[in-house]
Structure formats: structure tokens, C-alpha cells
Amino acid sequence: MTPLSWAITGIASVLVHAAYVHGSVTVYGNNGMQQPVGTDTASAASATNSSIPQWLADMPAFNSVVLQAPAIPSPAPSTQFTLNLQATTAQVPGISKQQNGTFLGFSIEMSVATQVIGVNASYLQVPFLNLMALLAQRGGTVPVRVGGNTQEFATLVDSIPDGKALEKDKEDTSNPTATPNLVFTSEIIYMLNNVSSLVGVKWYLGIPFNDTSNLRLGIAQAGEAILGSNLLGFQLGNEPDLYVSHGHRPADWNQTNYFEEFGTVIQALANEGSSVPVRNNLIAPSVSGTWTPESVFDTGFVTAYTGSLGALAVEHYPDNNCAAAFPGSTSAAPVVPQDVFPDYLSHNAGNSIVSAYLDASAVALAAGKPFIMFETNTASCGGFPGLSDSFGAALWGVDYGMIMAFNNFSQALLHVGGVSDTYNPFTPPPTNISTTKAWTVGPIFYSSIVVAEALGPTGTAQVFDLGANGNNIYTPGYAIYENGNLARVLLVNFVTDATGASTYTATLTFPGGTVPGSVSVKYLQAPSVAEKENITWAGQTFGGKFESDGRLKGNESITTIQCDSGAGTCAIPVPAPAVALVFLTDSALQDVSASTTQTFSTTAVTKKANTATIDSAALATSNGNTGADRQKLGSTSKGSSGASSMMPAVPTMFVLAVTGAVSAFLTLGRRR
Ligand SMILES: *[C@@H]1O[C@H](CO)[C@@H](O)[C@H](O)[C@H]1NC(C)=O
Ligand SMILES: *[C@@H]1O[C@H](CO)[C@@H](O)[C@H](O)[C@H]1NC(C)=O
Ligand SMILES: *[C@@H]1O[C@H](CO)[C@@H](O)[C@H](O)[C@H]1NC(C)=O
Ligand SMILES: *[C@@H]1O[C@H](CO)[C@@H](O)[C@H](O)[C@H]1NC(C)=O
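The opening residue of the sequence shown carries number 68 in the working numbering; numbering runs sequentially from there.
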């Protein structure tokens, strides 16, 4: 999805045994254990904005554009309203299906996997592990997709001459829009599996669909062999509705052709026999708006391929920055971020996206398939500087996520690009400064945390849009039920008003239910929707640019609000701007409590060795679940219970040998 401005460096292959046998994958045990290490961030001086050199500030991911918060809407939303909360889902017709907690996962462009996730299987990015552990603790397993436009032109090879695990095809000059062709080795997939063995992440990969007469199924073989149950599925065809405009298919190529080619690949996978043993994990049609999902479904797609489909998916960005990012690539005038900022700051923003998918969501539900927003973010072609990296984007992400959950999407994956993108949930520093500066966690990452805590780890969360404040678009609210019972309420205030006059008070009532004595509230807050760095979740923050090792800093502050037992109400103030997450029971809070979150500390042992201290207790609770599952995790990290500055023992490593028919570098993907 993005042109990479930083070099891929320091990659070394660990492919030890490579057999080359057509059409098969062999997995060997290997006892050459290595310790994953992280970037040496502990010695990083916290950078302040003023200390960021110009060459860094020139990279979109680290831009210093600050927009103006939109004016207070006129008429202003009422600042006093009541929300009547039914006690159980039985009284809430139209409530969503049951949802998993880490609803907002991530989509990582394949070409940046070696910057974001790790360099190789034994050198993982500790900030990435910390960020994923934090979500897994709150909402359970984190779904992460490694793919995007680059997956279509990626080829699994048995080794890369310079020993790297992933490399852009430097030979190729045909790429008009900077998404590189890639070659990668199975080391990348071992790297993903290593992450899964440490934190509760599971993966989506993609099978290249750019040329179905020369299929490259190596990733399916290696993915299933190496990842096993840590593999969620394979996307087959990334945005096929754009193939024609990107020049990958003839002009008359249509939904029926897609249907037929899809069938070709299903047959080819079947022909793989036991080398691709799982047959029901394909994800499609992943259309991006040029074709509607219905137009693909009309070919009989879902019925014909139901046995092969693991989930139905779409992709969507509500706007694009292409004219500015690629001058001359479009006749459209560049979008002015300030002009479109208000479009993101209301309940209409998410609803206008999701309304186009209600029918598809119902089709998926009826077919018994999850429905996934497989790639999304504020705007394609890199996002809008000052908008995509603002607190406003965090509010947008929370509300959009909750709207998707309410409307029976099953998951949504926020896209992560490189330094040319402003919308990244997290961005590692350019490689050449990685020993002195740390990561940048974007505002939209907080959306993922808040939604994870709103839904919790039980897998039974059901969401209802309360139509709060007479359906006022600036003050949406949701009730969240777990195991059929009211558990949490999430309230958003999209307005920015430094005077405090736009703080609203939502008065919760509990008709037919029990009035809590008190409730706990966590706030997501910043001074303004335009704010880029001073963002807190329950008082904690990742800090500003180059300031994060993936852990929340500061003391957690949870507000206790006494309810009025006489009136049977709890009055919740929501500042402008903010999100308030109200925990109505103790367990609703404890289930997502940060006190159980363990992290991977990046304290450097020695800078030279580039090693990291891993808090060994981390592994005792890092399985992506709270409560009962902690015990289970303990066993996967046995040997780790003693304090240690080293990574505990981890499951046996494997070395893979793949074969095949991998060869040519192909033509280029276009970034969105
Ligand atoms: C993994 O990458 C690190 C950092 O570049 C390097 O030091 C190490 O040798 C690599 N490990 C293997 C097994 O290739
Ligand atoms: C990760 O992979 C490497 C090599 O593939 C292996 O040596 C190492 O033990 C693995 N680490 C973990 C944590 O699984
Ligand atoms: C979501 O699914 C539930 C069934 O679990 C259904 O009652 C509800 O109407 C669906 N919502 C939408 C928007 O389709
Ligand atoms: C890092 O690389 C950039 C070019 O991408 C260069 O401008 C900058 O000076 C380098 N910084 C250091 C500290 O080497």
C-alpha cells in the first residue's frame, strides 16, 4: 500500500534446510533456538516535536500538520439526555450478533511486515509485541492480516540471494504507484508464528490472485504447515474490482470472470492434496466499492463456494488522498484535509460507510460466515495529514467500529502502511534511527483499545446503538451486553469546546433492572479533535512521536461515579471531545483490566547486542485472554516463570522447505 521510504535492512535468513520438491512442503524440527530480541528503545531520549529534524517531519507518518477543530455545531446538541437501558438482550430487538472483543484488528501491508512485526523469526519488534499484548489482554485474540496490494505480486521463494527474509523486487520498474513486488521466504511465516507463540495474535494471509493461470500457492502450503491454528484464513483476490483499472485484467473482465477464476484456484488448492489440508478458509470477495458485494453474490458466489469460504469480506476507505499523494494520477483536485475534517466527526461518518453493507452483512449472517471489513482506515493513498493522525480519527475509529459491530460485521482491520502514510495505528522509526528513537503510536490505535474494552474478552458481546440524544449525530451512544446481560455503555462526544459548555451528561436509567450503586468510567480524552499527541485513555498514553515502546505510560485513572439510588439513575458526564466507557458491573471492568496486562520491556541489556529484556511475567499472561485462560498460557511458556532478562523457552522451531514452481517477478500492484 505504500512506497517505502526507509530501507529494509539487517535482514538475515535462517533458512537452514531447503529442499526443493515440486508442490510440497516439508517441515523439519530444528533445535537451534534463538532468542527473540527487540529494538533497543530504552536508551531513546524522548523526542519532542521541536527536536524532530526536518527530514523526519517531511515523512507523512511524522508530519506536524495540526488542523482546526470544527466549530461547535449549530444547533448544538443537547447537553442533558436520558438513556433507558434494558437489563437483558431479550428486551432489545435488533441488537447485534455476539462479537469478539478485539474487533478492530490490523491489516499490515506485506511490504512493511519486516519493519513492523520483526526482521526475522528471531528478531521481533518488541513494541509490536507490547501493542498486541495490550489488546489481547483486553479483548482476546488480535486478528492481523499481512497482505494488501503487495500480496498479489509476492512470491514465496526458498531463499533470497542476500539472505534476507523479504525483499522488494528491485528489477521491476513497471510499478506506477510504488507498491513493490516482493519475494519472501518462509522465514516470514515463522516470524508470524513466533509472534503467536508470545502474544494472542492470529493471522490472515493472502494467496496471489493476479495471474490465475500461473498460480503461486507456496504461501498456502507454508502458511498452513507453519501457522496451523494460528492461521485464520487466506484472502483470495485483494480488491478484484480494481484489477481492470489497475491494468491487471482486460477491460471486459467482470464479476463472472472473477467467479470462474475463483473456482480455478479452489480446484488448484484441492489438487494440492495434503500439502494444503484446510479447505474452508478462503476470504472473499474483498471488493472495494467499484463492484458491490451483491454484484458478486449475484453470480451465485456464496452458494457455489460455501464449502471453501471461511468468511465474506469487503474493503473500504471513505475518502482518498490520491491527488495529493500522486500528483497527476487523477484529474481530481487534491482534497483539503481541513475541509473534510467535519465529515469524520459525527455518527454519520461510520453510518454512511456501513449502510452500503447491510445487505451483504445479512447475506453473510444467513450463510453462517463472518463478515469482515478486511482493510479500512480514514483515507486511502496515505490518509490526510493532520486528520488521519488526529484525536478526531480516534473518535471516528471508535464510533465506526461500534457501528460495524452493531451491524453484524465480525471484525474490521485497520490498515498499517509505512512512513508515507499518516493513518498508521503504529509506525516504527526509520531504520537508521531505530537505536535512538522509538515508535509512534497513532491516535487510531486508541480506537482499537477502546473498542476492545467495550466488547471485552468473553466473545458474547452484543452491541446496540441507543440512538442517543434524539439520534444526535454528535453524541452517539451504545449499550453492550455480555452473556445476555447489560455490561457496559459507550458514549461519544464529537464536539470540541474548550469552555466546557459542550460537556454533556447522559443520565442512565435501568427500567426493570438493578440500579448499580456506582459505576466505573474510563475516558478517552484530548484537548481537541485536532490534537495529535496529548491523548489519554484512562489517564494513560503512548506519548507523541517517537515516544513509545508499545506500553501505556502513566497511572491509570478510572473515575467512580456514584449513582442515585432514589432516582434510579447514574449521571455520566462526557467532555467535548471524549469517549466515555461506562462499566456497569465489577466484572465488566475486571475482565478488561489493565492490571493484568503484561508487556515486553525494551530495556536494553547492551546496545551493541541489541537485546531486550523481556519481563518474564509477561508470558504468563500474554495469551490473549484473561481469567481462566491465563493458566493455559502459563503452560505454553513453561520455563519462563523465573525472572530473567532473557526470553523464556519457546516451542520448538521448525525449518521449512518449500518448492516449487516459484519464479518470475511479476508486474506491479498499485497502491490504493
Ligand atoms: C535476524 O535479524 C537480526 C537483526 O538484523 C540479526 O542480527 C540476526 O542475525 C537475524 N537472525 C537470523 C537467524 O537470521
Ligand atoms: C522463532 O524462530 C526462530 C527461528 O526460526 C527460533 O530459533 C526461535 O526459537 C523462535 N522463537 C520463538 C519465541 O518461538
Ligand atoms: C444482526 O444479527 C442479529 C441476529 O444475531 C439480528 O437480530 C439483527 O437484526 C442483525 N442486525 C442487522 C443490522 O442486520
Ligand atoms: C537517515 O536517512 C535519511 C534518508 O532517508 C537521512 O536524511 C538521514 O540523515 C539519516 N539519518 C541518520 C541519523 O543517519
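Glycine included, C-beta positions come from ideal geometry on N, C-alpha and C. Note that the structure is a prediction, hence the values are computed from the model and not measured.
Residue burial classification, Gly742 (beta-carbon count within 10 angstroms, cutoff 16): With the chain covering only 68 through 739, there is no way to say anything about residue 742.
Do the region 578-586 and the region 149-156 make contact, defined as three or more Cβ pairs closer than 8 Å? yes
Specify, as a first and last residue, the run of the alpha helix (DSSP H) that Ala460 falls within.
Counted from its first residue, the sequence shown places residue 460 at position 393. Residues 458-473.
Q) Assuming Phe458 and Ile602 make a contact with CB atoms under 8 Å, what is their CB distance in whole Å? A) Numbered from its first residue, the sequence shown carries residue 458 at position 391. Numbered from its first residue, the sequence shown carries residue 602 at position 535. The Cβ separation is near 6 Å, so the contact holds.
Note to self: Starting from Ile628, trace the alpha helix (DSSP H) in both directions and tell me its first and last residue.
What the structure shows: Along the sequence shown, read from residue 1 onward, the residue named residue 628 stands at position 561. Per DSSP, Ile628 belongs to no alpha helix (DSSP H); it is in the beta strand (DSSP E), 626-629.
**Asked** With which residues is Lys235 paired in a DSSP beta bridge?
**Response** For the purposes of this step, residue 235 is identified with residue 168 of the sequence shown, where counting begins at 1. Leu249, per the DSSP bridge assignment.
#### Entry: Cutoff 8 Å; reference Val596; Cβ partners in own chain excluding five residues on either side
The residue you call residue 596 lines up with position 529 of the sequence shown. Here the set comprises Ala136, Pro137, Phe408, Leu412, Ser457, Phe458, Gly459, Leu462, Phe561, Thr563, Pro644.
Note to self: Please state the DSSP three-state secondary structure of His315.
What the structure shows: Translated into positions along the sequence shown, residue 315 becomes position 248. Coil, per DSSP.
At a cut-off of 7 Å, is Ser189 close to ligand 1 when judged by its beta-carbon and the heavy atoms of the ligand? As a first step, residue 189 must be located in the sequence shown, where it is residue number 122. For ligand 1, at least one heavy atom lies less than 7 Å from the Cβ of Ser189.
Under 8 Å, do Ser375 and Asn338 count as touching if we go by C-beta distance? One-based indexing of the sequence shown puts residue 375 at position 308. One-based indexing of the sequence shown puts residue 338 at position 271. Taking 8 Å as the Cβ cut-off, Ser375 and Asn338 do not qualify as a contacting pair.
Q.
I need the straight-line Cα distance from Leu294 to Leu303, nearest angstrom please.
A. Your numbering for residue 294 matches position 227 in the sequence shown. Your numbering for residue 303 matches position 236 in the sequence shown. Using only the alpha carbons, I get a separation of about 18 Å.
Self-check item: Residue environment, Gln218, which counts as buried when at least 16 other CB atoms sit within 10 Å
Solution: By one-based count along the sequence shown, residue 218 stands at place 151. The residue is buried, with at least 16 neighbouring Cβ atoms inside 10 Å.
**Request:** Would you mind giving the Cβ-Cβ distance between Lys743 and Ile119, rounded to the nearest angstrom? I have them listed as a contact below 8 Å.
**Result:** The chain is shown from 68 up to 739; residue 743 falls before or after that span and cannot be answered.
Quiz item: Nearest to Ile547 by alpha carbon, out of Thr652, Gln629, Ser585?
Solution: Stepping through the sequence shown from its first residue, residue 547 is reached at position 480. Among Thr652, Gln629, Ser585, the Cα nearest to that of Ile547 is on Thr652.
query: Under a three-way DSSP split, which group does Ala112 fall into?
result: Locating residue 112 in the sequence shown gives position 45, counting from the first residue. Note on Ala112: pLDDT 33, under 50, position unreliable in the model; the coordinate value appears next. In this structure, Ala112 counts as coil in the three-state DSSP scheme.
Exercise. Taking 7 Å as the cut-off, does the CB of Val186 come closer than this to any heavy atom belonging to ligand 1?
Worked result: Taking the sequence shown and counting its residues from 1, one reaches residue 186 at position 119. Checking every heavy atom of ligand 1 against the Cβ of Val186, one is found closer than 7 Å.
ask   = Would His414 pass as a contact of Asn444 if the rule is Cβ separation under 8 Å?
value = Here residue 414 is taken as the residue at index 347 of the sequence shown, counted from 1. Here residue 444 is taken as the residue at index 377 of the sequence shown, counted from 1. Against a cut-off of 8 Å, the Cβ pair of Asn444 and His414 comes out as no contact.
Review point. Going straight from the alpha carbon of Gly417 to that of Asp229, what length do you get?
Key: Here residue 417 corresponds to residue number 350 of the sequence shown, with the count starting at 1. Here residue 229 corresponds to residue number 162 of the sequence shown, with the count starting at 1. The alpha-carbon atoms of Gly417 and Asp229 are separated by roughly 46 Å.
In the DSSP output, which residue or residues are listed as bridge partners for Met440?
The count along the sequence shown starts at 1 and reaches residue 440 at position 373. Val381, Ala479.
So, with DSSP's three-state summary, where would you put Asn338? As a working mapping, residue 338 is identified with position 271 in the sequence shown. DSSP places Asn338 in helix when its eight states are reduced to three.
Need the endpoints of the alpha helix (DSSP H) that Cys448 sits in, please. Position 381 of the sequence shown, counted from the first residue, corresponds to residue 448. Where Cys448 is concerned, there is no enclosing alpha helix (DSSP H), given that its DSSP letter is neither H nor E.
Quick one: is Gly105 buried, meaning 16 or more other Cβ sit within 10 Å of its Cβ, or exposed? The residue you call residue 105 lines up with position 38 of the sequence shown. Because Gly105 sits at a pLDDT of 32, beneath the cut-off of 50, its placement in the model cannot be relied upon, and the following sentence gives the value as read from the coordinates. Gly105 comes out buried.
Which first and last residues belong to the alpha helix (DSSP H) in which Ala289 is found?
Along the sequence shown, read from residue 1 onward, the residue named residue 289 stands at position 222. Residues 285-294.
*Cβ atoms of Phe476 and Val402: under 8 Å apart, would you say?*
Looking up residue 402 in the sequence shown gives position 335. Looking up residue 476 in the sequence shown gives position 409. Cβ atoms of Val402 and Phe476: not closer than 8 Å.
Query raised in the report: Below 8 Å between beta carbons: does that hold for Pro144 and Thr525?
Result: Numbered from its first residue, the sequence shown carries residue 144 at position 77. Numbered from its first residue, the sequence shown carries residue 525 at position 458. For Pro144 and Thr525, no; Cβs fall outside 8 Å.
Using 8 Å for Cβ pairs, my map puts Thr489 next to Gly449. What's the rounded Cβ distance? What you label residue 489 is simply residue 422 of the sequence shown in a count that begins at 1. What you label residue 449 is simply residue 382 of the sequence shown in a count that begins at 1. Yes, Thr489 and Gly449 are in contact; Cβ-Cβ is about 6 Å, under 8 Å.
**Prompt:** Out of Met126, Ile286, Trp270, Gly267, which has the shortest C-alpha to C-alpha gap to Phe276?
**Reply:** Taking the sequence shown and counting its residues from 1, one reaches residue 276 at position 209. The option with the nearest alpha carbon to Phe276 is Ile286.
On the CB-based measure, 16 or more other CB atoms within 10 Å of its CB, does Glu327 come out buried or exposed? Start at 1 with the first residue of the sequence shown, and residue 327 comes out as number 260. Exposed, because fewer than 16 other Cβ atoms sit within 10 Å of the Cβ of Glu327.
Q. Excluding sequence positions up to five away, which residues of its chain have a Cβ less than 6 Å from the Cβ of Pro718?
A. Counted from its first residue, the sequence shown places residue 718 at position 651. Low confidence applies here, because Pro718 scores a pLDDT of 23, under 50, leaving its location unreliable; read the following figure in that light. Hits under 6 Å: Ser264.
For Asp278 and Leu284, the rounded distance between their alpha carbons
Walking along the sequence shown from the start, residue 284 turns up at place 217. Walking along the sequence shown from the start, residue 278 turns up at place 211. If you take the alpha carbons of Leu284 and Asp278, they lie about 11 Å apart.
Margin query: Which residue wins for smallest C-alpha separation from Asn297, given the options Val209, Thr331, Thr252, Ser312?
Written below: Indexing the sequence shown from 1 puts residue 297 at position 230. The shortest Cα separation from Asn297 among Val209, Thr331, Thr252, Ser312 belongs to Val209.
- Task: Could you tell me whether any Cβ in chain B is nearer than 8 Å to the Cβ of Ser615?
- Result: Absent here is chain B; the protein component of the structure consists of one chain.
Practice problem: Take the Cβ of Asp406 as the centre, count every other Cβ of all protein chains shown within 10 Å, and call the residue buried at 16 or more, exposed below. | Solution: Position 339 of the sequence shown, counted from the first residue, corresponds to residue 406. With fewer than 16 other Cβ atoms within 10 Å, it is exposed.
### Query
Does at least one heavy atom of ligand 3 sit under 7 Å from the Cβ of Lys436?
Taking the sequence shown and counting its residues from 1, one reaches residue 436 at position 369. No.
Helix, strand or coil at Ala390 [DSSP, three-state]: Looking up residue 390 in the sequence shown gives position 323. Helix at Ala390.
_Please classify Ala380 as buried or exposed, where buried requires at least 16 other C-beta atoms within 10 Å of its C-beta._
Sequence index remark: in the sequence shown, residue 380 carries index 313 (1-based). Classification for Ala380: buried.
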